[in-house]
Amino acid sequence: MDIFQRFEAVLADAIAELVADGTVTAGAGATAVVEPPRDATHGDLATNVALVLAKAAKANPRELATRIAMRLACHELVEAAEVAGPGFINLRLVPAVWQAEIAAIRATGADYGRGETVPGLPVNVEFVSANPTGPMHVGHCRGAVVGDALASLLAFAGNSVVREYYMNDAGAQVDVLARSVHLRYRAALGEDIGAIPEGLYPGDYLVPVGQALAAEFGDRYRAAPESEWLVPFRDRAVAAMMDMIRGDLALLGIRHDLFSSEAALQAAGAPAAAEARLRAEGLIYDGVLPPPKGELPDDWEPLELPLFRSTRFGDDIDRPIRKSNGQWTYFGTDMAYHAEKASRSSALVNIWGADHAGTVKRIEAAVEALTHGAVRLDVRLVQMVRLFRNGEPFKMSKRAGNFVTLADVVREVGRDVVRFMMLTKRSEAMLDFDFAGVVEQSRENPVFYVHYAHARIRSVQRRAAGLALPVPAPLDRLDEAELGVVKLAAQWPRVVRQAAAAREPHRIAFFLADLAAAFHTLWNRGNDDAAFRLVQEDDLPLTAARLALADAVGSVIRTALGVMGVVAAEELR
RNA sequence: GCGUCCGUAGCUCAGCUGGAUAGAGCACGGGACUUCUAAUCCUGAGGCCGCAGGUUCGACUCCUGCCGGACGCGCCA
19 MDIFQRFEAV LADAIAELVA DGTVTAGAGA TAVVEPPRDA THGDLATNVA LVLAKAAKAN
79 PRELATRIAM RLACHELVEA AEVAGPGFIN LRLVPAVWQA EIAAIRATGA DYGRGETVPG
139 LPVNVEFVSA NPTGPMHVGH CRGAVVGDAL ASLLAFAGNS VVREYYMNDA GAQVDVLARS
199 VHLRYRAALG EDIGAIPEGL YPGDYLVPVG QALAAEFGDR YRAAPESEWL VPFRDRAVAA
259 MMDMIRGDLA LLGIRHDLFS SEAALQAAGA PAAAEARLRA EGLIYDGVLP PPKGELPDDW
319 EPLELPLFRS TRFGDDIDRP IRKSNGQWTY FGTDMAYHAE KASRSSALVN IWGADHAGTV
379 KRIEAAVEAL THGAVRLDVR LVQMVRLFRN GEPFKMSKRA GNFVTLADVV REVGRDVVRF
439 MMLTKRSEAM LDFDFAGVVE QSRENPVFYV HYAHARIRSV QRRAAGLALP VPAPLDRLDE
499 AELGVVKLAA QWPRVVRQAA AAREPHRIAF FLADLAAAFH TLWNRGNDDA AFRLVQEDDL
559 PLTAARLALA DAVGSVIRTA LGVMGVVAAE ELR
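Note that the first sequence ends on residue 591 in my numbering; no numbers are left out.
See the structure below:
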């Protein structure tokens, strides 16, 4: 339990006393929070409890705050409790609290901030789910990193987590893939196939797939009708693409627990089963869609289709689950897939590209309908990444085939840099990625800045390795500024809880930047005045205390980077 | 036309699910290097939080309507 939670308990006791003497009614303080104050000069902790309670108690907030503050001031760990502003209570804690926190951080190590185990079914995070038709390109990076980091964050917060990849291995696109590899297969058999026709996948990565097929089947399917080879070629091509994708993801250190197949889902009759359930509840009906808004396509004609009543859940129109040719729409199978996922999960999270924003409502509606609201689907949209090199926009043309692959990016700037950079903005805002900027060693580059803080800590630890430091370190030798850094580091458990609840892994990156800045500031005192350097060879007790502090900060940096999937640098050169 | 997201300092962005005087970095002005790696740090200036209403003790945050930008739209995947 971290400091904020501990004082929420202390606060609850104080409120209980007020309830007991009839000042306020029970339960009224449910939304009261203990948080770090906006301004550190206000103290260590702040609470809005009096503002929240004032209404129910029909009391003046400041007056109520004063009464609560008086009780809190009696607490042994509270140095001062002051009322400020409209009725906030600012608490200043005794230094021993923060000294103890250093010891706690060091004792808990990599588990500092880890949430208590949440019982029940796992939280499912589905991410990447790129069509298995080619290698991962740079556009997939962000969703991959955000999804993986979010999964790690949720796991660190105490949830069991399943990382899942949904393979779209049943649609028209994988048929196109099969045709594309058939061409490569013929080429591998020595045929001159000329230019790749429009509409097929032109990438060279299909050459080895064609060769493998030639080795397996000889010329058996060279002139055979498509109906004979489509299925086996598709299966093998998809398997090959998935191997390639797994390899690409491994470059980023990403590994999914489960790969679900759309084809398998259809073969098992899952979409029909989902349809039957929803029909029984009147949520699927046969109807005619209104014409699309705006300019009417010339080929539009009204048709009766099986429609899911997504309008009942806030969607604009009801959505077809099957096409007029009887095949499932993407949504039709996706609905069944989510029903299946929901049955083995406590909550669902999907990481989607922002270009799918238009389909969020219908799928969230479908999950609500199919689980009767028991499992919530949270679709997190990830905006596109704009590539730059030295400030110049990077032109990518899919047609010309010069798109940047994920492997290219990782090879050029490194896995840790890619991972960190992808988390330096809210996922729903666009992100600029400059190949030169992200490897620059300067203050503007947050990756470097955080690594540098950690490397400095390691550096000073190496330097002090030979000193006979007293154990335990006399942490009461630390001054106000030093304890200030501990106060920031002590926010880590809270950052974990809040980032997990908001499903926003980027908050870790911002926390790290703040923590690194605080440490650099402390370090720089030593450059201005040698008496503030961490290592004081003529005062080993003080050195021990300062190194304990540095060790605690380093530990939190490592842990937080670890949740982001980034390895802290031991040194920089 | 409709939907989703975005709009906060000159630029790039945070803002902790409604709280105090809205914060960082860059750039700009002033300062600190025979270093525990100064690859850094200190300091100053810089804001109708897109606009207008509403909800409330209190709004950058929630609601409504506009304005501007990005993305999307149909039996696509």
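By construction, the Cβ of each residue, glycine as well, lies at the ideal position given by its N, Cα and C atoms.
**Prompt:** Any chance the region 173 to 189 sits against the region 440 to 458, with 3 or more Cβ pairs inside 8 Å?
**Reply:** Taking a cut-off of 8 Å on C-beta distances, the region 173 to 189 does not touch the region 440 to 458, as fewer than three cross pairs fall below it.
**Request:** Kindly indicate which three-state DSSP category Val101 falls into: helix, strand or coil?
**Result:** Counting from 1 along the first sequence, the entry for residue 101 is found at position 83. Correct three-state label for Val101: strand.
**Request:** Determine the direct distance from the alpha carbon of Thr577 to that of Leu29, and round the result to whole angstroms.
**Result:** Indexing the first sequence from 1 puts residue 29 at position 11. Indexing the first sequence from 1 puts residue 577 at position 559. Those two C-alpha atoms are separated by around 30 Å.
**Item:** Backbone CA spacing between Asn542 and Val52 [nearest angstrom]
**Value:** Residue mapping note: residue 542 aligns to position 524 of the first sequence, counting from 1. Residue mapping note: residue 52 aligns to position 34 of the first sequence, counting from 1. Going by the C-alpha atoms only, they are around 32 Å apart.
**Asked** In terms of residues, what are the limits of the alpha helix (DSSP H) holding Pro113?
**Response** The residue you call residue 113 lines up with position 95 of the first sequence. Run containing Pro113: Pro113 to Thr126, per the alpha helix (DSSP H) assignment.
**Message:** At the level of alpha carbons, what is the spacing between Phe22 and Gly221?
**Reply:** Taking the first residue of the first sequence as position 1, residue 22 is located at position 4. Taking the first residue of the first sequence as position 1, residue 221 is located at position 203. Distance from the CA of Phe22 to the CA of Gly221, rounded to the nearest whole angstrom, comes to 55 Å.
**Request:** Alpha carbon to alpha carbon, how far is Pro104 from Cys159? Give it in angstroms, no decimals.
**Result:** Along the first sequence, read from residue 1 onward, the residue named residue 159 stands at position 141. Along the first sequence, read from residue 1 onward, the residue named residue 104 stands at position 86. Using only the alpha carbons, I get a separation of about 46 Å.
**Item:** Helix, strand or coil at Ala32 [DSSP, three-state]
**Value:** If you number the first sequence from 1, residue 32 lands on position 14. For Ala32, the secondary structure class from DSSP, reduced to helix, strand or coil, is helix.
**Prompt:** Do three or more CB pairs link the region 267 to 284 to the region 236 to 247 at distances below 8 Å?
**Reply:** Flag = no, the region 267 to 284 and the region 236 to 247 do not touch.
**Prompt:** So what does DSSP say about Leu195, is it helix, strand or coil?
**Reply:** On the first sequence, position 177 is the one that residue 195 refers to. Assignment of Leu195 by DSSP, reduced to helix, strand and coil, places it in the helix class.
**Prompt:** Ends of the alpha helix (DSSP H) at Leu172?
**Reply:** Here residue 172 is taken as the residue at index 154 of the first sequence, counted from 1. Its alpha helix (DSSP H) spans residues Val156 to Phe174.
**Asked** Do Leu530 and Val468 have their C-beta atoms closer together than 7 Å?
**Response** In the first sequence, counting from the first residue as 1, residue 530 sits at position 512. In the first sequence, counting from the first residue as 1, residue 468 sits at position 450. Cβ distance < 7 Å, so Leu530 and Val468 count as in contact.
**Prompt:** Pairing CB atoms from the region 176 to 192 with CB atoms from the region 135 to 152, are three or more of them under 8 Å?
**Reply:** The region 176 to 192, when compared against the region 135 to 152, does touch it at the 8 Å Cβ threshold.
**Item:** Close beta carbons around Leu248, own chain, < 6 Å, minus the five adjacent residues each side
**Value:** Locating residue 248 in the first sequence gives position 230, counting from the first residue. So the qualifying residues of the chain are Ala196.
**Asked** Got a sec? Which residues, its chain only, sit under 7 Å from Ala360 by beta carbon, not counting five neighbours each side?
**Response** On the first sequence, residue 360 is found 342 positions in, with the first residue counted as 1. Result list for Ala360: Leu366, Val385, Leu388, Thr389 and Val393, in chain order.
**Request:** Please determine, among Glu97, Gly409 and Ile86, the residue with the shortest C-alpha to C-alpha distance to Val39.
**Result:** Here residue 39 is taken as the residue at index 21 of the first sequence, counted from 1. What sits at residue 39 in the sequence shown is Asp, not Val. Comparing Cα-Cα distances from Asp39 to each of Glu97, Gly409 and Ile86, the minimum goes to Ile86.
**Request:** Measure the alpha-carbon distance for Pro338 versus Ile211 and round it to whole angstroms.
**Result:** Translated into positions along the first sequence, residue 338 becomes position 320. Translated into positions along the first sequence, residue 211 becomes position 193. Going by the C-alpha atoms only, they are around 40 Å apart.
**Request:** Mind reading off the beta-carbon distance from Ala493 to Ala536? Whole number of angstroms is fine, and I expect it under 8 Å.
**Result:** What you label residue 493 is simply residue 475 of the first sequence in a count that begins at 1. What you label residue 536 is simply residue 518 of the first sequence in a count that begins at 1. One point to set straight first is that residue 493 is Leu, not Ala, in the sequence displayed. Not a contact, Cβ separation roughly 18 Å.
**Item:** Buried or exposed (CB count within 10 angstroms, at least 16 for buried), Asn66
**Value:** Within the first sequence, numbered from 1, the residue matching residue 66 stands at position 48. With 16 or more Cβ atoms within 10 Å of its Cβ, Asn66 is classed as buried.
**Message:** Short of 8 Å in beta carbon distance, which residues of its chain neighbour Ile381, apart from the five on each side in sequence? Order them along the chain.
**Reply:** Sequence index remark: in the first sequence, residue 381 carries index 363 (1-based). Beyond the five residues adjoining it in sequence on each side, Ile381 comes within less than 8 Å, by CB distance, of Phe349, Asp352, Met353, His356, Asn368, Leu395 and Val397 in the same chain, given in chain order.
**Asked** DSSP state of Phe331, grouped into three classes?
**Response** As a first step, residue 331 is located in the first sequence; it is residue number 313 there, counting from the start. If DSSP states are grouped into helix, strand and coil, Phe331 belongs with the helices.
**Request:** Would you identify the three-state DSSP class for Ile369, choosing helix, strand or coil?
**Result:** On the first sequence, residue 369 is found 351 positions in, with the first residue counted as 1. Shown here, Ile369 sits in a strand according to DSSP, grouped into three states.
**Prompt:** For the 8 Å Cβ check, are there 3 or more pairs between the region 506 to 519 and the region 125 to 134?
**Reply:** Two segments are said to touch when three or more pairs of C-beta atoms, one from each, lie closer than 8 Å; by this definition the region 506 to 519 touches the region 125 to 134.
**Request:** Round the Cβ separation of Gly157 and Val403 to the nearest angstrom and send it over; I've been treating them as touching at under 8 Å.
**Result:** Along the first sequence, one-based indexing puts residue 157 at 139. Along the first sequence, one-based indexing puts residue 403 at 385. So it is a contact: roughly 7 Å between Cβ atoms.
**Prompt:** Just how far apart, CA to CA, sit Lys379 and Trp346?
**Reply:** Within the first sequence, residue 379 is the residue found at index 361, counting from 1. Within the first sequence, residue 346 is the residue found at index 328, counting from 1. The alpha-carbon of Lys379 is positioned some 19 Å away from that of Trp346.
**Prompt:** On the three-state DSSP scale, how would you describe Ala392?
**Reply:** For this step, residue 392 is matched to residue 374 along the first sequence. Of the three classes helix, strand and coil, the one that applies to Ala392 here is coil, per DSSP.
**Message:** Quick check on the DSSP output: the alpha helix (DSSP H) that includes Met448 runs from which residue to which?
**Reply:** Stepping through the first sequence from its first residue, residue 448 is reached at position 430. No alpha helix (DSSP H) holds Met448; DSSP gives it neither H nor E.
**Asked** What residues match up with Pro338 in a beta bridge as DSSP calls it?
**Response** Numbered from its first residue, the first sequence carries residue 338 at position 320. Answer is Leu325.
**Prompt:** For the beta strand (DSSP E) that contains Ser278, what are its first and last residues?
**Reply:** Reading the first sequence from its first residue, position 260 is the one you call residue 278. Ser278 -> beta strand (DSSP E) spans Leu276 to Ser279.
**Message:** Determine whether the beta carbon atoms of Arg110 and Glu97 lie at a separation below 7 Å.
**Reply:** As a working note, residue 110 is residue 92 in the first sequence. As a working note, residue 97 is residue 79 in the first sequence. The beta carbons of Arg110 and Glu97 sit closer together than 7 Å.
**Cβ neighbour criterion (16 or more within 10 Å) applied to Glu209** = If you number the first sequence from 1, residue 209 lands on position 191. With fewer than 16 Cβ atoms within 10 Å of its Cβ, Glu209 is classed as exposed.
**Message:** Quick check on Glu604: buried or exposed, where buried means 16 or more other Cβ atoms within 10 Å of its Cβ?
**Reply:** Residue numbering for the chain in the displayed model covers 19 to 591; residue 604 lies beyond these limits and cannot be assessed.
**Message:** Which residue wins for smallest C-alpha separation from Pro411, given the options Leu441, Gly455 and Arg433?
**Reply:** Taking the first sequence and counting its residues from 1, the one referred to as residue 411 is at position 393. When each option's Cα is compared against that of Pro411, the closest is Gly455.
**Request:** Using DSSP bridges, identify the partner residues of Gly305.
**Result:** Taking the first sequence and counting its residues from 1, one reaches residue 305 at position 287. Answer is Leu323.
**Request:** Per DSSP, which residues does Ile107 bridge with? Please list them.
**Result:** The count along the first sequence starts at 1 and reaches residue 107 at position 89. Answer by DSSP bridge pairing, in chain order: Thr65 and Val101.
**Request:** On a CA-only basis, which of Gly228, Arg273, Pro153 and Leu201 is nearest Glu216? Give me that one, please.
**Result:** Within the first sequence, numbered from 1, the residue matching residue 216 stands at position 198. Closest option to Glu216, Cα to Cα, is Leu201.
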